[in-house]
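To convert, note that position 114 of the sequence shown is 114 in full-length UniProt numbering; the numbers rise steadily by one, no gaps. No residue lacks a Cβ here, since even glycine has one placed at the ideal position from N, Cα and C. Single-structure report; data block below.
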Amino acid sequence: MNSLFNEHKIDYIIHGDDPCLLPDGSDAYALAKIAGRYKQIKRTEGVSSTDIGNSVSNYFTTYMHIGRILSSVNDNKGVGDNNSTLSKVDSGKRRQLQRGQLSQFLPTSRRIVQFSNGKGPGPNARIVYIDGAFDLFHAGHVEILKKARQLGDFLLVGIYPDYIVSEQRGMPYPVMHLLERTLSVLACRYVDEVIIGAPWEVTKDMITTFNISLVVHGTVAESNSSLPGETDPYAIPRSMGIFRLLESPKSITTSSVAQRIVTNHEVYMKRNAKKLQSEKKYYEEKAYVAGD
């Protein structure tokens, strides 16, 4: 705490009005509160790192389980039985995952606007476009967005819809649904505007409609766009001479973040058990306030 306040010259620590507990169940911000250096703000209802972490863990451990079943089929029945076995197991597990991933986030236009900087491009602005899934928004995403923003005056970010992410990366992606991913990107200081549910291919119409000056893409990506027979999503901007490949500042990916959670699954679940109870209590105790 002294390091935060003195070395980094932080005046206040700010957190939402939901409980934030340490693994032992104690208040993570108790010392800041005692010091009078804590401020509380209204949380974004329904967006929870605890829920997202649990979704990651459930998704990946489930598909690891399917992999073990298929391995057993190969050992005992032969490869020919894989499809029927995967179909039966996968459908059941998919239903289980869908039930477990129900989000409490209820998006409204006002909530989305709150995350936006509200600024439009100027009349002669150099507009830079970058697209992606931006699932489990992490430091790698922040750094590539920062780098892209430095190339122009206005950064427009295209966020793929869920079905495109699933097609390109396969199950269990995406872990976060489109609107959760949208808020994550909008909250980044380098982002000016987003296309919610951007198409896979950057078309001439898109470039004209948004007056895009430059289309960029990072070198670290998890899509299958480089597979034989796959259409180059950047063919049009390449042909126009406005495409640029950016060296990704970090090698971190959504999969590597998810793998950390899976690797520490048991420790993570024990830590989250108390947090889940606190969050459940928070939602149960929310009071209805009647209007005048």
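For residue i, which beta-bridge partners are listed by DSSP?
| i | result |
| --- | --- |
| Q40 | H15 |
| R260 | Answer by DSSP bridge pairing: none, since R260 is not bridged. |
| V128 | L155, L214 |
| F243 | V215 |
| L21 | D27 |
| E193 | L156 |
Tell me which residue opens and which closes the alpha helix (DSSP H) that residue i is part of.
| i | result |
| --- | --- |
| G120 | Looking at the DSSP string, G120 is not in any alpha helix (DSSP H), and its letter there is neither H nor E. |
| T182 | 178 to 186 |
| E230 | No alpha helix (DSSP H) holds E230; DSSP gives it neither H nor E. |
| Y173 | That residue, Y173, is in no alpha helix (DSSP H); it is neither H nor E in DSSP. |
| E285 | Here E285 belongs to no alpha helix (DSSP H), and DSSP marks it neither H nor E. |
| L145 | 139 to 149 |
Would the C-beta of residue i count as close to the ligand FAD, meaning under 6 Å from any of its heavy atoms?
| i | result |
| --- | --- |
| L31 | Of the ligands one can find in the structure shown there are none, so the ligand FAD has no counterpart to examine. |
What is the C-beta distance between residue i and residue j, in whole angstroms, given that I count them as a contact (C-beta under 8 Å)?
| i | j | result |
| --- | --- | --- |
| G152 | L214 | 6 Å |
| D11 | R37 | 7 Å |
| D192 | L156 | 7 Å |
| P121 | F154 | 4 Å |
| G241 | I195 | G241 to I195, Cβ: 22 Å. No contact. |
| A28 | C20 | 5 Å |
| I130 | V216 | 5 Å |
| V175 | A258 | 7 Å |
| G25 | K42 | About 24 Å separates the two Cβ atoms, so there is no contact after all. |
| L179 | P107 | 5 Å |
| V220 | S251 | 6 Å |
| E230 | T253 | About 19 Å; that fails the 8 Å criterion. |
| P161 | G197 | 4 Å |
| G140 | S248 | 7 Å |
| If you scan the region 195 to 226 from start to end, which runs of the beta strand (DSSP E) of 3 or more residues do you find wholly inside it? | 212 to 218
| query | Using 8 Å as the threshold, is the region 127 to 135 in touch with the region 175 to 187, meaning 3 or more CB pairs across them? | reply | yes
| task | Please confirm if the region 160 to 171 is in contact with the region 119 to 126, defined as three or more CB-CB distances below 8 Å between the two stretches. | result | The count of Cβ pairs closer than 8 Å, one atom from the region 160 to 171 and one from the region 119 to 126, stays below three, leaving the stretches out of contact.
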